[in-house]
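Reviewing the structure listed below.
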Amino acid sequence: MALHILAQQKQKDFGVPIAPPDPIEEFAVAINFGYGQGPKESDDPVIFEKLLVNIKKAGYNTIYCVYRDWRLELCRKHKVKMMIDILAHHEGAKTDVRRKEQREAVQKICEKVRGDKAVWGYNLWNERLDKFAPGGIDAMHENLALIRKWDPSHPVWVGTYLGYFLDRVQGTAGILAYYDYHWSRGLGLHYNTITHCHKLCQNRADFFGRWILVNPDPRKSLYTINTSIAHGMKVMIWFIKGAVDPKTGELNANHEHLKVHKEIRMLYKEIAELGKPMAVYSTPMTRTMDDKERAKDVPRPLMAFPDDHWATVTSGEAFVGVFKYDTGEDALYVANHNALRPQNMVISFKPEDKKEVHVQIFNRAKGGWINMKPKDNRVSFELGSGMGELLRITGVKSL
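Under my numbering, the first residue of the sequence shown carries the number 181, and numbering increases by one thereafter.
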């Protein structure tokens, strides 16, 4: 009887729209000062504007917060997108979509900001989906359906722990997300979860996102971020707080986040244009992500490059996300397998008949592209510890 009831629950359709939200315009890097209760940031417009100015200066482009009309106008002015907290039930917010007495307020917000480019979207959940409170996964779907119907233009972040139950999310949320914190909680499941989320989103209209836990060593944070970008991540939320004080708006210019953002911030628009990876491959590894010796292999569940692929890594240890721009150009996002040791990468390319291979590498310091001048259809470059590099390629025998 219990199995029969479970099967019925899995088949119940909650009417979550399948149509995807509007296209993502920029890789989202969100600052978050806490959520699901009430406003954490100053409600003084002067201080909130100072906060946004310093958020932008620090390399964030999204703020996860309680909605206010005037806050959104300041976000628009400073080109910081708002991720709207729809779990905030305390005094000063009362915008918790789970509470029937607060749903009308949430609906009015959703309908008001529909199509508004200053809004990133909504954050519905961040813990295990079966722990959605109250009501579990069924209640989550009921709320997800409401948000997507009230505002079909913006994504909804549906997050969980280690990818649990993401494959049961109905329709299209926009972002299927998870937290792992592998540097502090154990390295063992990083490969499994990142692979699961990549493959899940390959077959859906959703992209995937992650919570990122700040690490005292920026190389480790960069490793988590870059390996995730190679797998198709389009939004990340820092856990919790960051380089700007929510009550004063003051910037801590020595904060670890700024060191991380310095290495990726020029890529934000380019990552969005990449879309989803067609595949993600791994070179064999001789050292772990934390630079310990290991037997040389491609660890499960990672996939090795096919023998007939148009790109071959002949030196270096990395994840390689294989992308194709809408323009038809091919791209590789090469993410170091090692957070603590740089790699000397060498990649060879198979040219298309009677064509010359052209390779460019994205200039992470200034933006734009640098010609690499392949020799014998081969390029080499240093891949920094925990780093990722984006290559754009033409003239190869890709599909």
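Beta carbons are placed, not taken as given, at the ideal position from N, Cα and C, and that holds for glycine.
Please classify residue 391: does DSSP put it in a helix, a strand, or coil?
The answer is strand: DSSP assigns residue 391 an E or B state.
When the Cα of residue 537 is compared with those of 545, 546, 544 and 551, which residue comes out closest?
Restricting attention to 545, 546, 544 and 551, the CA atom closest to the CA of residue 537 is found in 551.
Pair every Cβ in the region 368-382 with every Cβ in the region 352-359, then say whether three or more of these pairs are closer than 8 Å.
In the pairwise beta carbon analysis, the region 368-382 is classified as touching the region 352-359: at least three pairs are separated by under 8 Å.
Give me the residue from 349, 416 and 524 with the minimum Cα distance to residue 386.
Of the candidates 349, 416 and 524, the one whose C-alpha sits nearest the C-alpha of residue 386 is 349.
Residues sharing a beta bridge with residue 140, DSSP:
This structure cannot settle anything about residue 140, because the visible part of the chain is limited to 181 through 579.
Ordered along the chain, which non-local residues of its own chain (more than five positions away) have a Cβ less than 7 Å from that of residue 342?
Excluding positions up to five away in sequence, the list reads 358, 360, 369 and 373.
Cα-Cα, which of 312, 246 and 577 is closest to residue 492?
Considering only 312, 246 and 577, the residue with the shortest C-alpha distance to residue 492 is 577.
Which of helix, strand or coil does DSSP assign to residue 338?
If DSSP states are grouped into helix, strand and coil, residue 338 belongs with the strands.
Okay, do the region 436-452 and the region 541-558 touch, 3+ Cβ pairs below 8 Å being the bar?
Contact holds between the region 436-452 and the region 541-558, because three or more Cβ pairs, one in each stretch, are under 8 Å apart.
Helix, strand or coil for residue 408, going by three-state DSSP, please let me know.
Looking at residue 408 - three-state DSSP - the assignment turns out to be helix.
Under the three-state reduction of DSSP, which class applies to residue 318: helix, strand or coil?
Note: residue 318 maps to helix in three-state DSSP.
Any idea if residue 179 is buried or exposed, counting beta-carbon neighbours within 10 angstroms, 16 or more meaning buried?
Nothing in the structure corresponds to residue 179, since the chain is present only between 181 and 579.
At which residue ranges does the region 413-492 contain complete alpha helix (DSSP H) runs of 4 or more residues, listed in the order of the chain?
Considered as a whole, the region 413-492 harbours 436-444 and 448-454 as its complete alpha helix (DSSP H) runs of no fewer than 4 residues, in chain order.
Kindly indicate the opening and closing residues of the alpha helix (DSSP H) around residue 350.
Neither: residue 350 is in no alpha helix (DSSP H) and is coded neither H nor E.
Residue 230 and residue 422: beta carbons closer than 8 Å?
With a cutoff of 8 Å on beta-carbon distance, residue 230 and residue 422 are scored as not near each other.
Buried or exposed by the 16-neighbour rule on C-beta atoms within 10 Å, applied to residue 276:
The residue in question, residue 276, is buried, as its Cβ has 16 or more Cβ neighbours within 10 Å.
In angstroms, rounded to a whole number, what distance separates the CA positions of residue 504 and residue 453?
Looking at the two C-alpha atoms, the distance is approximately 9 Å.
What residue range is occupied by the uninterrupted beta strand (DSSP E) comprising residue 510?
First-last of the beta strand (DSSP E) with residue 510: 510-516.
May I ask whether a heavy atom of the ligand ADP can be found less than 7 Å away from the beta carbon of residue 292?
Among the components modelled here there is no ligand, and therefore nothing to report on the ligand ADP.
Residue range of the beta strand (DSSP E) that includes residue 573
568-574 is the span of the beta strand (DSSP E), which, as asked, contains residue 573.
Taking 8 Å as the limit between beta carbons, can you name the residues of its chain near residue 497, skipping five residues before and five after?
For residue 497, where only same-chain residues beyond five positions count, the Cβ hits under 8 Å are 463, 464, 465, 466, 467, 516, 517, 518 and 523.
Collapsed DSSP secondary structure at residue 385 in the structure displayed:
Here residue 385 sits in coil by DSSP.
Could you pull out every residue in the same chain whose Cβ sits closer than 6 Å to the Cβ of residue 570, ignoring the five residues on either side in sequence?
Excluding residues within five positions, the ones whose Cβ falls inside 6 Å are 513 and 542.
So if DSSP puts residue 212 in a beta bridge, which residue, or which two residues, is it bridged to?
Per DSSP, the beta bridge partners of residue 212 are 244.
Presumed contact (8 Å Cβ cut-off) between residue 351 and residue 196, rounded CB distance:
Yes, residue 351 and residue 196 are in contact; Cβ-Cβ is about 3 Å, under 8 Å.
Measure how close the beta-carbons of residue 457 and residue 412 come, nearest whole angstrom, since I'm counting them as under 8 Å.
Sure, about 5 Å apart at Cβ, within 8 Å.
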